[in-house]
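Take a look at the structure set out below.
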């Protein structure tokens, strides 16, 4: 799934002509955040399409050459120089209060928008524009813990990327053993739940008829998957991930399967964190499976609980059974001892139930991120599989 060669060539031609018209050459001026800021201002004031694409291409090409410090400085340039014109906004507020009609409301809306949003729209005109902007946001997200003042810049990225990557632009593709190797390599690399160690491991997950994988792509990102989900077709709800990933297992004919198990979902692009894909992907796959395999009656997830261990450690000082469980599982090989497993299970089950049913964030949401995602998409907690994944 490659970008349209015609469209890419057209953008490059427009950009090249625009650069010639504007005499955009690097010369001896070093690339810096400040010089990029000046180019961004020229981009916003440009009128012609060719000049706009040329400026956008030049800015993004120069941004790619910046080091870590230069990229951080450029993010601060975006924050400081391309925000909201507050004087213009105040005037628009006064005008709306004086005459609250549709025209003044539109003027107010336009005045409230930061210049950054229009700048990002114009940067997106460049060849590889959206790809570079996703990388730019990836860098921005990495900076937020130490530079929280950049959150206002991220709000503009999030607003625009949510539009550019809405469901209408996404392409759903089945991933199987005939999928091009460059995409399969990315599936191996991006798998975030149950690591894929070898090509044979991948083959067991996507080649058999009862193992499926689906991914969303965006036309402007070519063969870069955005998110993918792995599905096992079974005759019952599994209790462990091992039975789904076993090297040797009985095959299930798809039309005899009654259950579709969504056992792994992985986001691939750090720069698109917070942009919702998983909900759309799961619901689209469910719809397709229902159509193609009417024997399926149950659609379930077999999901990890990434926040439980941390919560358990936090409760150890006040809940004796939590401290007991932590002491038991600290013994290497505890799960191989049947008596020890029984003791752990008896203590762990009520704690796990408490975690799911009572543990909440300060805002009242389910504390576990995976549970919050699935429950928010309409799932219910059907069963707690205490020993669902005993892999190292």
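Numbering (our numbering), first residue to last: 18 to 409. All C-beta atoms, glycine included, are put in the ideal place defined by N, C-alpha and C.
Distance, residue j Cα to residue i Cα
i           : j           : result
residue 90  : residue 133 : 15 Å
residue 397 : residue 48  : 53 Å
residue 65  : residue 72  : 11 Å
residue 128 : residue 379 : 35 Å
residue 216 : residue 228 : 15 Å
residue 399 : residue 250 : 18 Å
residue 93  : residue 165 : 11 Å
residue 138 : residue 118 : 28 Å
residue 177 : residue 59  : 21 Å
residue 159 : residue 289 : 12 Å
residue 342 : residue 323 : 17 Å
residue 336 : residue 367 : 12 Å
residue 344 : residue 361 : 10 Å
residue 272 : residue 303 : 15 Å
residue 365 : residue 390 : 23 Å
residue 406 : residue 210 : 11 Å
residue 199 : residue 286 : 16 Å
residue 130 : residue 281 : 39 Å
residue 172 : residue 355 : 52 Å
residue 238 : residue 208 : 19 Å
residue 154 : residue 57  : 17 Å
residue 88  : residue 163 : 14 Å
residue 84  : residue 144 : 21 Å
residue 113 : residue 106 : 10 Å
residue 54  : residue 369 : 52 Å
residue 123 : residue 392 : 38 Å
residue 121 : residue 185 : 31 Å
residue 383 : residue 252 : 30 Å
residue 104 : residue 167 : 22 Å
residue 126 : residue 182 : 23 Å
residue 101 : residue 374 : 43 Å
residue 381 : residue 331 : 18 Å
Given residue i as reference, the closest of the options once Cα atoms are compared
i           : options            : result
residue 241 : 196, 349, 225, 258 : 196
residue 309 : 359, 226, 342, 374 : 226
residue 401 : 341, 409, 317      : 317
residue 96  : 50, 145, 125, 63   : 50
residue 412 : 69, 105, 52        : No answer is possible for residue 412: it lies beyond the span of the chain, which begins at 18 and ends at 409.
residue 99  : 163, 377, 62       : 62
residue 413 : 349, 180, 123, 238 : The shown model of the chain, from 18 to 409, leaves out residue 413, and the question about it has no answer.
residue 327 : 306, 372, 110      : 372
residue 329 : 305, 306, 307, 376 : 376
Check whether residue i and residue j have beta carbons under 9 Å apart
i           : j           : result
residue 255 : residue 261 : yes
residue 347 : residue 339 : no
residue 299 : residue 394 : yes
residue 222 : residue 202 : no
residue 136 : residue 70  : no
residue 387 : residue 320 : yes
residue 189 : residue 301 : yes
residue 157 : residue 174 : yes
residue 325 : residue 264 : no
Beta-carbon contacts of residue i that lie in its chain and below 7 Å, excluding the five residues immediately before and after
i           : result
residue 42  : With a pLDDT of 49 at residue 42, under the threshold of 50, the modelled position of this residue cannot be trusted, and the question is left open.
residue 205 : 213, 219
residue 363 : none
residue 306 : 277, 313
residue 140 : 73, 76, 77, 146, 150
residue 86  : none
Close-in-space but distant-in-sequence residues of the same chain around residue i (CB under 8 Å, 5 per side omitted)
i           : result
residue 463 : Absent from the model: residue 463. The displayed extent of the chain is 18 to 409, so no value can be given.
residue 224 : 193, 194
residue 358 : 351, 352, 404
residue 108 : 128
residue 230 : 191, 192, 193, 204, 222, 223, 245, 246, 247, 248
residue 259 : 406, 407, 408
residue 170 : 92, 95, 96, 133, 157
Own chain residues within Cβ distance below 6 Å of residue i, not counting five before or after
i           : result
residue 115 : none
residue 257 : 405
residue 179 : 292
residue 110 : none
Chain C within 9 Å of residue i, Cβ atoms only
i           : result
residue 375 : Note that chain C does not occur in the displayed structure, where there is just one protein chain.
For this session: State whether the region 76-86 contacts the region 132-151, with contact taken as three or more CB pairs (one from each stretch) at a distance under 8 Å.
Result: yes
Problem set entry | Any 3 or more C-beta pairs closer than 8 Å across the region 264-280 and the region 310-319 | yes
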